[in-house]
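Per the UniProt record's numbering, the sequence shown starts with residue 1, numbered consecutively.
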Amino acid sequence: MAKVNISLDAELVVEVMVLAGVGSPQDAVEAVVRDYIARGHRTEARVQRQDEPRRTTDSLPPLPEG
Numbered sequence: 001m002a003k004v005n006i007s008l009d010a011e012l013v014v015e016v017m018v019l020a021g022v023g024s025p026q027d028a029v030e031a032v033v034r035d036y037i038a039r040g041h042r043t044e045a046r047v048q049r050q051d052e053p054r055r056t057t058d059s060l061p062p063l064p065e066g
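This is the structure:
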């Protein structure tokens with residue numbers, strides 16, 4: 001996997017390290033990024049599940065009126 005070097009404010013990184021309970025700045029920031037991505041995937045999955053019933057209802061042919 002390719003690596004990227006970025007500069008961050010030291011206070012920000014220290015706060016992330018404390019909140020994540022990690023001693024390494026690299027590991028702390030990586031944990032935050034991975035958590036952010038995982039939350040995005042969970043949100044996408046929830047939205048898809050909520051939309052599925054609507055899609056199946058919309059795709060049914062209309063009932064005959066008589």
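Using N, Cα and C, we set each Cβ at its ideal position, and we do this for glycine too.
Given the structure is predicted, the values throughout are model-derived calculations rather than measurements.
Remark: C-beta atoms of proline 25 and valine 33 do not approach each other more closely than 9 angstroms. Ala28 is the residue among Val4, Ala28, Thr43 and Pro64 whose C-alpha sits nearest the C-alpha of alanine 10.
Contact annotation: alanine 20 and alanine 31 have beta-carbon atoms nearer than 9 angstroms. The alpha-carbon separation between serine 7 and arginine 49 amounts to approximately 39 angstroms.
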